[in-house]
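Residue numbers (my numbering): 138 to 224. Glycine included, every Cβ here is placed at the ideal spot set by N, Cα and C. One structure is given below, encoded as structure tokens.
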């Protein structure tokens, strides 16, 4: 499956959340990751992230698509990732 993960956390946690996500997904923007991931790895990633998020003041969203083929990306401005390598 293909996922887009976005988060809004306290600045002191930003690097820690990013470090947890990097082995599983591609870091494309501040607080945004995306990429192909297995259901098993998604569950592992979620388990790791659940302990980091303060549900009262922070948020993490994961958008799940069945496949990369259903994604269309439009970027305005400088992208951290070359499009042909992503989608």
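Report the option in 154, 145, 161 and 166 whose CA atom is closest to the CA atom of residue 213.
-> 166
Express the C-alpha separation of residue 161 and residue 182 in angstroms, rounding to a whole number.
-> 7 Å
Extent of the continuous beta strand (DSSP E) to which residue 202 belongs | 196 to 202
Can you name, in chain order, every residue of its own chain whose Cβ lies under 6 Å from the Cβ of residue 140, other than the five neighbours on each side?
-> 174, 199 and 201
According to DSSP, residues forming a beta bridge with residue 144 = 197
Give the single residue among 142, 209 and 147 whose Cα lies nearest to the Cα of residue 189.
-> 147
Assign residue 209 to one of three DSSP states: helix, strand, or coil.
-> coil
Go ahead and label residue 211 buried or exposed: buried means 16 or more other beta carbons lie within 10 angstroms of its beta carbon, across all protein chains shown.
-> exposed
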